[in-house]
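Trainee: My questions all concern the structure below.
Number of protein chains: 2
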Amino acid sequence: MTTPNDNATCQSCNQRFNSIFCKAHEEHVSQINEQKVCNVYKKGQTLFKEGSQPFGVFCVSDGKIKMSHLGDDGKEQIIRLVKAGDILGYRALLSGERYSASAEALEDTQVCFIPRDLFIKVLKLDSNLAFEMMKLLSDELHRAEIKLTHLAQKPIRERLAETLLFIKETYGFEQDGQTLNVRLSREEIANLVGTATESAIRLLSEFKKDGMIDLEGKKIKLIHQKELVRTANIQD
Amino acid sequence: MTTPNDNATCQSCNQRFNSIFCKAHEEHVSQINEQKVCNVYKKGQTLFKEGSQPFGVFCVSDGKIKMSHLGDDGKEQIIRLVKAGDILGYRALLSGERYSASAEALEDTQVCFIPRDLFIKVLKLDSNLAFEMMKLLSDELHRAEIKLTHLAQKPIRERLAETLLFIKETYGFEQDGQTLNVRLSREEIANLVGTATESAIRLLSEFKKDGMIDLEGKKIKLIHQKELVRTANIQD
DNA sequence: AATTAAATATGATAAATGTCATTTATTTAT
DNA sequence: ATAAATAAATGACATTTATCATATTTAATT
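Have a look at this one:
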């Protein structure tokens, strides 16, 4: 939580026009405002767990969250990185299923909870919101399909480079314009890439040796982005 | 096209209540009926190509279609199997992007085309349809995320078994109750699993030797499903 | 500050999977 | 029906990646 956020009301929320609610009718926003329940999750805290019942959606006003599946052998696969302005928990809700992923705060995070019935009601009344929701789902589906293809076809080196660039796209840089604005363990990076922790560590070291990145504890600097892009070998 | 289908009108279409339009208002169905353009695609024909502009959505009244990405090195990754009652082309349309996948008929297929503006208009007016659409997108997203996790974590043997079961779920069996009701090349099966063609071939032979399946040209019989399920090692 | 625990790093090795080459079978075209 | 082309099968081998062991560094706890 770097930027302080007045999320006393949804109307005055920093993320008001940086969210799925950007085109929602004012009246609906105010209804959401009245029923929302705000909360802070400390780094490492769980918002919800795979297998539990969704009772609404979460709207992030500040902070960072990872969403992940637990694979059969207990290995975590991170499927989404959530940032301020994003909502989460909608997938299971709209499918009418239990959560298929868990959500955990990557840093202290401020979140508002919107109850199920209200969210559904507003979605029904506000076609702008409904279309934004469909666009969000479609975009996520696209991302998932691309990732799926890359997991099937691209070597780990390329996927790691791509992942670093994806983290940058999501969370951006710190003030220095180089350091990724999130702290992830090597294991988390591996679970994002879809590889063994040791392989991720090894390749990060290589990337450093090759002068593409710099490592300092959990800080990762992208010092030669062009080369990273080339390494990622992205066509789409 | 095994079952003959009177798709003269959407109202009388076999798939009327087996599609996303099941809960749509009659009036909207009739509007779609008036503007739809029906078409037959022969086996191997392309409905649309990755990179081209979507002008509407396709609704399958009979037949089978594969949707696939072309990976960077030109290798096909099959991301969806489409059957009668399904719609396709909605992902790109709702994202406002060009197609990110190509669609090709796996057998002679009957399809109706619904123009973009009408589809959007009906989605806007018919909240039941909009919710069905969101559910469809959410379900597809779920599937993609599970697949992504399995690609990252499960060995090919398990993924192949899972794929065979997935084909069964999608297209079912022939009259004998054992033969998968679709003809796919070994290469296509590999591109569904996310592996090299030779690996798919080898493992299919093993499955046969192990008595789980029977192979006869492109016919695949699941003769010991229980064991296949065990091999797939599915937890979710 | 000292101790313990956890995370990161690195080497050695094994296992999984892909690639290439070749044979055999099947399909398609003439 | 025969030839040509394509797909399937199989072996040999190379490459990639995971696993295990261990060392080193960093962070957490007393």
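Chains as they are written, first to last, in my numbering: chain U, -16 to 219; chain C, -16 to 219.
Where a beta carbon is used, it is the ideal one built from N, C-alpha and C, also for glycine.
Alpha carbon to alpha carbon, how far is residue 154(U) from residue 47(U)?
Mentor: 8 Å
Trainee: When DSSP labels each residue in this structure, what does residue 24(U) get in the three-state scheme?
Mentor: strand
Trainee: Please confirm whether residue 76(U) and residue 11(U) have their CB atoms less than 8 Å apart.
Mentor: no
Trainee: Just to confirm my understanding: we take residue 213(C), look at its own chain, exclude 5 residues before and 5 after, and list those with CB closer than 7 Å. What are they?
Mentor: Nothing meets the Cβ criterion.
Trainee: Select from 119(C), 43(C), 123(C) and 97(C) the residue whose C-alpha is nearest the C-alpha of residue 90(C).
Mentor: 43(C)
Trainee: Just list the alpha helix (DSSP H) runs in the region 126 to 211 of chain C, keeping only unbroken ones of 4 residues or longer that don't cross its boundaries, in chain order.
Mentor: 139 to 154, 169 to 176 and 180 to 192
Trainee: With respect to the alpha helix (DSSP H) encompassing residue 10(U), which residues constitute its N-terminal and C-terminal limits?
Mentor: Taken as a continuous stretch (DSSP letters only), the alpha helix (DSSP H) holding residue 10(U) covers 9 to 18.
Trainee: Using beta carbons (cut-off 8 Å, strictly below), is residue 2(U) in contact with chain C?
Mentor: no
Trainee: Tell me whether residue 80(U) sits in a helix, a strand or coil according to DSSP, three-state version.
Mentor: coil
Trainee: Residues of chain C with a CB under 9 Å from the CB of residue 118(U): which are they?
Mentor: What residue 118(U) touches in chain C: 77, 78 and 79.
Trainee: Are residue 203(C) and residue 163(C) closer than 8 Å when you measure CB to CB?
Mentor: yes
Trainee: Output, in chain order, the set of chain C residues within a Cβ distance shorter than 7 Å of residue 135(U).
Mentor: 60, 134 and 177
Trainee: How long is the line joining the alpha carbons of residue 88(U) and residue 22(C), rounded to whole angstroms?
Mentor: 50 Å
Trainee: Are the C-beta atoms of residue 130(U) and some chain C residue less than 8 Å apart?
Mentor: yes
Trainee: Whole angstroms is fine: what's the gap from residue 235(U)'s alpha carbon to residue 130(C)'s?
Mentor: Because chain U is modelled from -16 through 219, residue 235(U) falls outside the range shown and cannot be assessed.
Trainee: Going by C-alpha to C-alpha distance, which of 190(U), 170(U) and 205(U) sits closest to residue 159(U)?
Mentor: 205(U)
Trainee: So residue 220(C) and residue 70(C) are supposed to be a Cβ contact under 8 Å. How far apart are they, rounded?
Mentor: Chain C is shown from -16 up to 219; residue 220(C) falls before or after that span and cannot be answered.
Trainee: Find out if the Cβ-Cβ distance for the pair residue 215(U), residue 145(U) is shorter than 8 Å.
Mentor: yes
Trainee: Does any C-beta atom of chain C lie closer than 8 Å to the C-beta of residue 86(U)?
Mentor: no
Trainee: Which whole-angstrom value is the C-beta distance of residue 123(C) and residue 124(U), which I expect to be below 8 Å?
Mentor: 6 Å
Trainee: Would you list, in chain order, the members of the region 104 to 115 of chain U that have their beta-carbon closer than 7 Å to a beta-carbon of chain C?
Mentor: 107, 110 and 113
Trainee: For a contact defined as C-beta to C-beta under 7 Å, what are the partners of residue 121(C) on chain U?
Mentor: 74, 77, 78 and 120
Trainee: Compare the C-alpha of residue 33(C) against each of 18(C), 17(C), 53(C) and 16(C) and name the closest.
Mentor: 53(C)
Trainee: Spell out whether any CB of chain U is found under 8 Å from the CB atom of residue 54(C).
Mentor: For residue 54(C), the closest Cβ of chain U is nearer than 8 Å.
Trainee: Got a sec, what are the start and stop residues for the beta strand (DSSP E) residue 31(C) sits in?
Mentor: Element bounds for residue 31(C): 29 to 31.
Trainee: Could you name the residues of the region 195 to 219 of chain C whose beta carbon sits closer than 9 Å to any beta carbon of chain U, in the order they occur along the chain?
Mentor: 216, 217, 218 and 219
Trainee: In terms of DSSP beta bridges, what is residue 50(U) paired with?
Mentor: 63(U) and 86(U)
Trainee: Please state whether DSSP places residue 45(U) in a helix, a strand or coil.
Mentor: strand
Trainee: From residue 13(C) to residue 119(C), what does the alpha carbon distance come to, in whole angstroms?
Mentor: 22 Å
Trainee: Buried or exposed, going by whether 16 or more other CB atoms sit within 10 Å of the CB of residue -15(U)?
Mentor: Note on residue -15(U): pLDDT 41, under 50, position unreliable in the model; no value is reported.
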